[in-house]
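Residue numbers (the working numbering), protein chains in the order written: chain G, 46 to 401; chain X, 46 to 401; chain V, 46 to 401; chain F, 46 to 401. Contents: one structure, followed by commentary.
Protein chains: 4
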Amino acid sequence: MNPQMDDTGQKIRVAVVGASGYTGMELLRLLINHPAVEITALTSESYADSPIEEVLPSLFGMLKLTCKKFDPREVAKHADVVFLAVPHKTAMAAAVELLPLGVKVIDLSADFRLRDPAVYRQWYGADHAAPELLKEAVYALPEFYRQQLTTARLAAAPGCYPTAVLLGLFPLLKREVVDPCSLVIDAISGASGAGRKLDLPLHFAELEGNVKAYKVACHRHMPEIEQELSRCIGRDVMVTFTPHLVGTVRGILATITATLVTSKDVKELRTLYQSWYQDEPFVRILPDGRFPETKQVRGSNFCDIGLAVDARTRRVIVVVAIDNLVKGASGQAIQAMNVMMGLDERTGLRLPPLFP
Amino acid sequence: MNPQMDDTGQKIRVAVVGASGYTGMELLRLLINHPAVEITALTSESYADSPIEEVLPSLFGMLKLTCKKFDPREVAKHADVVFLAVPHKTAMAAAVELLPLGVKVIDLSADFRLRDPAVYRQWYGADHAAPELLKEAVYALPEFYRQQLTTARLAAAPGCYPTAVLLGLFPLLKREVVDPCSLVIDAISGASGAGRKLDLPLHFAELEGNVKAYKVACHRHMPEIEQELSRCIGRDVMVTFTPHLVGTVRGILATITATLVTSKDVKELRTLYQSWYQDEPFVRILPDGRFPETKQVRGSNFCDIGLAVDARTRRVIVVVAIDNLVKGASGQAIQAMNVMMGLDERTGLRLPPLFP
Amino acid sequence: MNPQMDDTGQKIRVAVVGASGYTGMELLRLLINHPAVEITALTSESYADSPIEEVLPSLFGMLKLTCKKFDPREVAKHADVVFLAVPHKTAMAAAVELLPLGVKVIDLSADFRLRDPAVYRQWYGADHAAPELLKEAVYALPEFYRQQLTTARLAAAPGCYPTAVLLGLFPLLKREVVDPCSLVIDAISGASGAGRKLDLPLHFAELEGNVKAYKVACHRHMPEIEQELSRCIGRDVMVTFTPHLVGTVRGILATITATLVTSKDVKELRTLYQSWYQDEPFVRILPDGRFPETKQVRGSNFCDIGLAVDARTRRVIVVVAIDNLVKGASGQAIQAMNVMMGLDERTGLRLPPLFP
Amino acid sequence: MNPQMDDTGQKIRVAVVGASGYTGMELLRLLINHPAVEITALTSESYADSPIEEVLPSLFGMLKLTCKKFDPREVAKHADVVFLAVPHKTAMAAAVELLPLGVKVIDLSADFRLRDPAVYRQWYGADHAAPELLKEAVYALPEFYRQQLTTARLAAAPGCYPTAVLLGLFPLLKREVVDPCSLVIDAISGASGAGRKLDLPLHFAELEGNVKAYKVACHRHMPEIEQELSRCIGRDVMVTFTPHLVGTVRGILATITATLVTSKDVKELRTLYQSWYQDEPFVRILPDGRFPETKQVRGSNFCDIGLAVDARTRRVIVVVAIDNLVKGASGQAIQAMNVMMGLDERTGLRLPPLFP
């Protein structure tokens, strides 16, 4: 029942390093039906030598591969593109070994997102292993770095929060519609964003029915957001960023509040967004009176954006929803691969959301 | 972004009558990516004249059709196959009008599942509008009625509970391994099985975190299960069937307990199931020590089966999981359509489960 | 098993008008164990003449009263204090009839919260039925209007969002620590805040797993928040208020961002809050590094407050958690009753949260 | 705000050994408001020397005690009654040390439930450390061993599944209404029953929305159920027991199917149950057509029982709901303490369920 059998043509051979975590298994869910791709190698340190269908029972009968311990030569021999779905620090070490072997690398960790090694050290508590690669890595938000991705050898898939925030804010900042000093961002995430590593706050009985803020004004995605916003307008931007965790699995909802430089009504702003994103296959600007819901994008690569203006306080409120494991991680990584490999960017990603 | 554009070839034109309910929207989710199908018409009484992307925001940008009030001539003009995703009683009336117009009809309601009009009246409180069509209708469980489906004009997609129970029990009954008088079935369903109609027990604050039994020994799927089990072995079978509702959305888990006629160990039984279902693309017999979980099939057309034997009491326990909206409704209906239209049965249904 | 039997002494006789909604049933849950109270009368229009233990199966065997249709004379005959747990508009009509009969009235609806009848009309779409009572009504946030409550005849229990926001903001505004023009409030609520009335967005399968913003910058609690903040500092305050709904039942988490007038560190602010609330039995100022979680207050009358400062942007972030049905509604109403009746304010409300 | 201060009178001094797990914290939630008890000592190996309000933030401000490492002399010095809320094996070692020091011990683990040391070894994989105490220990289901509890020094609080099953089955077996060879039990539990220890199947993203069977026909509560049923009728009883885990936190629902020895209608059976349990404060026999729901007992010590008869198959279906942490653990342990200490059995346990 492997759909890849149906197709002829030369397939792109891909490997997934770290197949047993949530972004790894989400890559597999999406790649299994990607018509231009053949999954050729999987690695997992915790499940080395286990068939993937034992590791991920949802894939039982769908993929006949066995996880191996990571060996860069072995991986590079079987793959044209390697996805790194391993924790930060591990990822940069793997990239350093893989790139000279001629493969393209798409890293889903944080290791190649921050351009400044000092900032990396400050937020991730380690020296960067490959500062020279930092310069080369392309920040894999295709809506803004598509051109650079076409020739990239190393892509850094953005964090989930930054994806939602940047797609929500870029049009306003680029058009100088809002005061960049006024940005207040509250974002809500489900538990899958924290990964599969056991931790008491992620224990079912603790999190179910719970709503809380965490890492208030000190989350690692804050410098990533600020870096990209600053690049966007060419000067330093600082934001107040408060992430929240609720008892759901998938989805990020970001609510961004900003002060308008000059009065604008919501219709003008919607027109701006619609025109800005008119050719983007995965960004949906919602009509008047409708706001994004995480469940309306669940399992899909969509980023939904809704807009409101509080004329009294002259503030705009931008609400953005993505599935953190798809547009916020694995789907975006595949979208980047499509660009890097010259495919139609939508290939394998035309998935309607799973609702209800 | 309509994937149907990519393909040439003559497409099967399909209409969905009742597009705004859960089985209707699930048909759309699956059919949008079905390579041999073109969705040509949608009806909805509650949302007549609304674009489907307003009715179902998850499909925003994916399907450019407007819901109409049901008009059989209009539907038949645009479709080769019509799915009826409307409540019982409404469905049989629609089928009576549609069939003479030359379309094939696949009914997801209960209207053509019970062969005996008297049983229908007893359980659904109405005279059957087309008893002669009852004789013609094929019970659309492809694993057992595939042959009959190839020539069917009218197919009755099985209920969600019966799908799980029948796939779990047929091998045991056919092979006379268990006593047909000993069947005790407890099944657990999520809320989507109850549909989109508002009702206090389905109000979020009431159901969240709740576990309960309902319609104990008097659920409408009981006579459907008994009819098919009786046909299976050629004599009357009665079961004790207790459905349960829990605070989840998708999934049915059926736990079936039966007394073995002669001692058998679990290995023998697994071999029986594996051989029985060896050519079935959607039935997965789980290995030793593994039991089905609804989340391992969510969003997919799989039916997972696990087995245990309590040697002390000489009972077998069969555990079955399906997604009630896919293998228990819309996926199965499409599987039936594939058979009826001579397509590869798996077309459009090779979906990995959405986990986590 | 009625605990009220154990006690002698003269009990306060209380009636609950609207016993079958969520705030009504929560009043019963709390009042059943209130040692100074006897529940003497219940009304419900939808369940008139039904025993309450049929209407609310959780109370089966705990309360032997039958719901009646609302009759002001009948209610006043049996009660010293009447809680109104009915929708707005209905509540003000009931208050008008009840007060002249000599009972004290505690209204949980919005009818007596807004002081200006014009603002009421603007936000609730109706003329106020008793503008003169508006002047008399005391806003029943005991932490700020305790003195006025001791002599009140009519109390207006605050909305759930306003309770969280006002308790979180008053110390900062009163002490002029933040710029009142800088207030951005994002709040997250569970579904019980929307009541028991059926509605598609509250249908289980729609809301489960969902996160969304709603009534962005136009929620009815916004003018209530602004009214009280303005009274607090003696001049007009406007806020940007974005409420969110997530798939949980109980709990509100409010995240308030404000710009500091002069630099302050979090320790100074915590000292301010601790001293401000030092005698308050239900406000808990969390220690350094800890932030509120809705589940840590579930079922209790606590209001938990956590603080952070983003020194770079000179903003303070205040996070507040309450159980919307307790401190945000019924618990607060009972706290107000305790004050109005000269009881220890904590009576009947010493409930540890239900965790996990 | 410690309610124990309000009362004079001599209090029973209680210690909780293992205060940081779910049954330990639930004991604290209930004991804090128990009017005849003073909590005097807490132990926790993982959180030794931490104030309990840091360990359990929900109790912040409610209990001013610090957890210590377990030292039997220290505990016995401060307590009349000791609750053991630690894992099996640890519990029996503690009991052996505590009993000679003159305290009463109530063990919430499995260590003193099974009378036969050989059965203990078979199911718990260890030799029993105190087989002589096994003979002395009273199985603390007050509805059946009340008399024995009045003089007990050592009580073994029943498992959560056994509590539900035994309360549901005893009347039928005692009255010889059903065939003891026909018992099929399917039970559904929330995650809190599995405790606070981290484990991948209890990781939020894995369990949320999931429904599964586990330990089919081999759960450790099966021999406990069989032991007590066998004692009940004086001969060996074997059951088929299939536990299920669903994505909720609190609650057990047990569905028991049994064959009637002679035909009986549901009315006769309800009369039997009502008369059997007429003096029991915590067992509620639901009226005709109503079935238990876990949420209708959540947070309370109630055990709700509903009944149905399938006359066609001559089977009775008994449905039972409890909160596994209350009637299935900590509430039941306190109920036992009340009996052992000569208090009104209901003291401290008159808690209405938390609904919704």
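Beta carbons are placed, not taken as given, at the ideal position from N, Cα and C, and that holds for glycine.
Checklist entry - If you draw a straight line from the alpha carbon of glutamate 390 (chain G) to that of proline 246 (chain V), how long is it in whole angstroms? => result 34 Å
Next on the checklist: Let me see if you follow: with CB-CB separation under 9 Å, is phenylalanine 105 (chain X) close to chain G or not?
Outcome noted: yes
Next on the checklist: Whether or not the stretch 184-202 of chain V and the stretch 223-230 of chain V are in contact is what I'm after, with contact meaning three or more pairs of Cβ atoms, one per stretch, closer than 8 Å; do they touch?
Outcome noted: no
Item to check | Run of the alpha helix (DSSP H) containing valine 261 (chain F), from where it starts to where it stops | outcome: Note, valine 261 (chain F): premise wrong, no alpha helix (DSSP H); not H, not E.
Item to check | the stretch 338-345 of chain G / the stretch 354-373 of chain G touching (three or more Cβ pairs under 8 Å) | outcome: yes
Next on the checklist: For the stretch 283-311 of chain G, list every residue whose C-beta sits within 8 Å of some C-beta in chain F, in sequence order.
Outcome noted: For the stretch 283-311 of chain G, which is checked against every Cβ of chain F, the residues closer than 8 Å are Gly292, Thr293 and Val294.
Checklist entry - Whose CA, out of F:Val210, F:Leu252, F:Leu73 and F:Lys257, lies closest to the CA of glycine 351 (chain F)? => result F:Val210
Item to check | methionine 46 (chain G) at chain X interface by Cβ criterion, 9 Å | outcome: Residue confidence is low: methionine 46 (chain G) scores 34 on pLDDT, short of 50, so the model does not pin down where it sits. No coordinate-derived value is stated.
Next on the checklist: What does DSSP give as the partner residue(s) for valine 150 (chain G) in the beta ladder?
Outcome noted: G:Val127 and G:Leu199
Next on the checklist: Any C-beta of chain G within less than 8 Å: which residues of the stretch 385-400 of chain X qualify?
Outcome noted: Arg391, Arg395, Leu396, Pro397, Pro398, Leu399 and Phe400
Item to check | CB of glycine 393 (chain V) within 9 Å of CB of proline 80 (chain V), strictly | outcome: Yes. Within cutoff.
Checklist entry - Is the Cβ-Cβ distance between valine 365 (chain G) and alanine 353 (chain G) less than 9 Å? => result no
Item to check | Candidates X:Cys348, X:Ile362 and X:Ala182: closest to glycine 106 (chain G) by CA position | outcome: X:Cys348
Checklist entry - Can leucine 212 (chain G) and valine 311 (chain G) be called in contact, C-beta distance under 9 Å? => result no
Checklist entry - Given that a residue counts as buried once 16 or more other Cβ atoms are within 10 Å of its Cβ, and exposed if not, what is serine 375 (chain X)? => result buried
Checklist entry - Taking all protein chains shown into account, do 16 or more other C-beta atoms lie within 10 angstroms of the C-beta of cysteine 112 (chain G), making it buried, or fewer, making it exposed? => result buried
Item to check | 9 Å Cβ cutoff met for valine 61 (chain G) and leucine 76 (chain G) | outcome: yes
Checklist entry - Which residues in the same chain as threonine 135 (chain V) place their Cβ atom closer than 6 Å to its Cβ, once the five residues preceding and following it in sequence are excluded? => result none
Checklist entry - Can you name the start and end residues of the alpha helix (DSSP H) that phenylalanine 286 (chain V) belongs to? => result Phenylalanine 286 (chain V) -> not in any alpha helix (DSSP H); beta strand (DSSP E) instead, spanning 285-291.
Next on the checklist: I want to see whether chain X comes within less than 9 Å of tyrosine 67 (chain V), judged by CB atoms only; does it?
Outcome noted: Interface residue (Cβ-Cβ distance to chain X less than 9 Å): tyrosine 67 (chain V) is classified as such.
Next on the checklist: On the criterion of 16 or more Cβ atoms from any shown chain inside 10 Å, does aspartate 333 (chain G) qualify as buried, or is it exposed?
Outcome noted: Aspartate 333 (chain G) comes out exposed.
Item to check | Buried or exposed by the 16-neighbour rule on C-beta atoms within 10 Å, applied to aspartate 281 (chain F) | outcome: Classification of aspartate 281 (chain F): exposed, given that the 10 Å Cβ count is below 16.
Checklist entry - Short check: CB of leucine 305 (chain G) to CB of arginine 357 (chain G), under 9 Å? => result no
Checklist entry - Of all Cβ atoms in chain F, is any one closer than 9 Å to the Cβ of glutamate 253 (chain V)? => result yes
Item to check | Proximity below 9 Å, CB of valine 126 (chain V) to CB of alanine 139 (chain V) | outcome: no
Item to check | Bridge partner(s) assigned by DSSP for cysteine 348 (chain G) | outcome: G:Val328 and G:Ile367
Checklist entry - How would you label threonine 68 (chain G), buried or exposed, when you count the other beta carbons within 10 angstroms and need 16 or more for buried? => result buried
Item to check | Entirely enclosed alpha helix (DSSP H) segments - the stretch 50-103 of chain G, minimum 4 residues | outcome: 67-76 and 97-100
Checklist entry - Taking C-alpha atoms, which residue in F:Thr300, F:Ala303 and F:Val261 lies nearest to threonine 287 (chain F)? => result F:Val261
Checklist entry - Taking the C-alpha atoms as reference points, what is the distance between aspartate 156 (chain F) and histidine 133 (chain F)? => result 5 Å
Next on the checklist: To the nearest angstrom, how far is the alpha carbon of arginine 58 (chain F) from that of proline 176 (chain V)?
Outcome noted: 56 Å
Checklist entry - For the 8 Å Cβ check, are there 3 or more pairs between the stretch 247-255 of chain X and the stretch 249-257 of chain V? => result yes
Item to check | Proximity to threonine 85 (chain X) [Cα-Cα], best of X:Ile97, X:Leu159 and X:Arg395 | outcome: X:Ile97
Next on the checklist: Please tell me whether isoleucine 270 (chain G) and valine 284 (chain G) are closer than 9 Å, where the distance is taken between their beta carbons.
Outcome noted: yes
Next on the checklist: With a threshold of 7 Å on Cβ separation, who are the neighbours of glutamine 272 (chain V) within its own chain once the five nearest residues in sequence on each side are excluded?
Outcome noted: Leu159 and Arg160
Checklist entry - Between the C-alpha atoms of arginine 395 (chain V) and glutamate 71 (chain V), what's the straight-line distance to the nearest angstrom? => result 15 Å
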